[in-house]
Amino acid sequence: MTSPVHGDPESSRQELPGEPGAAEGDDTLIDMLCTRAWDPGRRFDTAPVPRAWIEEHFGPEHLEHIRSQAVGSSSNGMIVLKSQAEEVAAYFADAPRGPLFPPVTPPEVEAAEEIIGRPLPTLLRRIYTEVGDGGFGPDGGLASLTEGRRAPGDLIDWPCLVTRHERDCTAGLPGSWLYLASSGCTMQWHLSLLAAGSPVLLYDADGWVPSWGEGPHDGLRHATGSLRQWLWTWANGGDVWAEALSLP
911 MTSPVHGDPE SSRQELPGEP GAAEGDDTLI DMLCTRAWDP GRRFDTAPVP
961 RAWIEEHFGP EHLEHIRSQA VGSSSNGMIV LKSQAEEVAA YFADAPRGPL
1011 FPPVTPPEVE AAEEIIGRPL PTLLRRIYTE VGDGGFGPDG GLASLTEGRR
1061 APGDLIDWPC LVTRHERDCT AGLPGSWLYL ASSGCTMQWH LSLLAAGSPV
1111 LLYDADGWVP SWGEGPHDGL RHATGSLRQW LWTWANGGDV WAEALSLP
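For the record, in the sequence shown the residue sitting at position 167 is 1077 according to my numbering, with numbers rising by one throughout.
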């Protein structure tokens, strides 16, 4: 757990070293996001690879070699590895490329904006209309803009940011916070639709106690300077948690 940010996290803004300036770099960013989001082995931070396949292609002893690198395993014989692992690249080398969920149309974006009550940042609109309707990205992956998306093999629908926004507002969160992705346990990534630069907020849903006079802002743990910065980090293969945890 990181310490709560000081001051007003939504107003923080940082220059992004090495990032192409503002909108002129967004075409490159969109291309990079498509490349990663449309690769089934790299669209998330981790990917499952069958244990039997690893034994067949790398040898039984390789399992012991990568034991410390494995993120997890499942009862159906899958080993979960970081998406940058060579085993992941080899296993998904010939897999079809394409978005998990197809991009939405401009009218669908407008319908979502009407429900949310605020326009989406131009970059976020482009992501949903050019890259895909969520289903890729940091941690649990971006929520979809439309309802009813379901990944192959899943038993429940993918999170919908519009539905989550309505629920969050009912729970007392600011209407200017837009849910982006789950970060595990009670941690969530939200986008500020109000602050300059569209900061991405790391929020702990259990990080505040109303009976103590606290509010949602007391649950904020970090603010990345902009949506653009957050996405560039991930598109480049980085860890969006590194800044939040002050990792090198």
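Where is the CB? At the ideal position from N, CA and C, for every residue including glycine.
Note the first and the last residue of the continuous beta strand (DSSP E) segment covering residue i.
i, result
"Pro958", "956-960"
"Gln979", "Taken as a continuous stretch (DSSP letters only), Gln979 belongs to no beta strand (DSSP E), as it is neither H nor E."
"Arg1131", "1130-1134"
"Leu991", "988-992"
"Trp1099", "1097-1102"
"Leu1111", "1110-1114"
To the nearest angstrom, how far is the alpha carbon of residue i from that of residue j?
i, j, result
"Ser1156", "Leu1112", "14 Å"
"Glu929", "Asp936", "Annotation note: pLDDT 44 at Glu929 (below 50); position unreliable, no value reported."
"Thr1023", "Glu1076", "Checking the sequence, you will find Glu at residue 1023 rather than Thr. If I take the Cα positions, the gap works out to 12 Å."
"Ala1145", "Gln1139", "10 Å"
"Ala1003", "Ser1121", "53 Å"
"Pro958", "Ala1005", "13 Å"
"Thr912", "Phe954", "Unreliable placement is indicated for Thr912, whose pLDDT of 38 sits below 50; no coordinate value is reported for it."
"Met988", "Gly1008", "23 Å"
"Asp1128", "Trp1118", "6 Å"
"Ala1133", "Ser1086", "14 Å"
"Leu939", "Phe968", "34 Å"
"Gly982", "Ile976", "11 Å"
"Val1014", "Ser1054", "9 Å"
"Tyr1001", "Lys992", "13 Å"
"Val901", "Leu1034", "The requested residue 901 does not occur in the structure, where the chain is confined to residues 911 to 1158."
"Asp1064", "Gly1058", "12 Å"
"Leu1088", "Leu973", "41 Å"
"Glu996", "Pro1069", "30 Å"
For residue i, which of the options has the nearest alpha-carbon?
i, options, result
"Gln994", "Cys944, Ala1133, Gly1147, Val981", "Gly1147"
"Ala1115", "Asp955, Arg1131, His972, Asp941", "Arg1131"
"Met942", "Thr1015, Arg1036, Pro1016", "Arg1036"
"Pro1012", "Pro1029, Thr1056, Glu965, Phe1002", "Thr1056"
"Gly1047", "Ser978, Leu1090, Glu974, Gln979", "Leu1090"
"Gly1094", "Leu1103, Arg1077, Glu966, Trp1151", "Trp1151"
"Ala1106", "Trp1122, Thr1032, Arg1007", "Thr1032"
"Arg1101", "Arg1028, Pro1006, Val998, Glu1124", "Checking the sequence shown, residue 1101 turns out to be Leu, not Arg. Closest option to Leu1101, Cα to Cα, is Arg1028."
"Ser984", "His972, Thr1143, Arg961", "Arg961"
"Pro1017", "Leu1030, Arg1060, Leu1141, Ala1053", "Leu1030"
"Ala1021", "Val1072, Gly1129, Lys992", "Val1072"
"Asn986", "Pro1126, Trp963, Thr1096, Ile940", "Trp963"
"Thr1096", "Ile1026, Gly1050, Thr956", "Gly1050"
"Ile1026", "Pro1084, Val1014, Ser1136", "Pro1084"
"Glu1124", "Gly1082, Ser978, Pro970", "Gly1082"
"Gln1098", "Val998, Leu1052, Glu997", "Leu1052"
"Leu1010", "Cys944, Ser978, Arg1074", "Cys944"
"Leu1137", "Pro1109, Cys1079, Thr956", "Pro1109"
"Asp1067", "Glu965, Leu1103, Gly1045", "Gly1045"
State the start and end residues of the unbroken alpha helix (DSSP H) segment that holds residue i.
i, result
"Gly940", "Note on residue identity: the sequence assigns Ile, not Gly, to residue 940. Ile940 -> alpha helix (DSSP H) spans 936-947."
"Leu1141", "1137-1145"
"Trp1087", "Careful: Trp1087 lies outside any alpha helix (DSSP H), inside the beta strand (DSSP E) at 1087-1092."
"Tyr1001", "996-1001"
"Val1014", "Where Val1014 is concerned, there is no enclosing alpha helix (DSSP H), given that its DSSP letter is neither H nor E."
"Val1150", "1150-1154"
"Leu1034", "1032-1036"
Cβ pair count under 8 Å reaching 3, the stretch 1036-1047 against the stretch 947-962 = yes
Mind listing, in chain order, the continuous beta strand (DSSP E) runs of no fewer than 3 residues lying wholly within the stretch 1053-1078?
-> none
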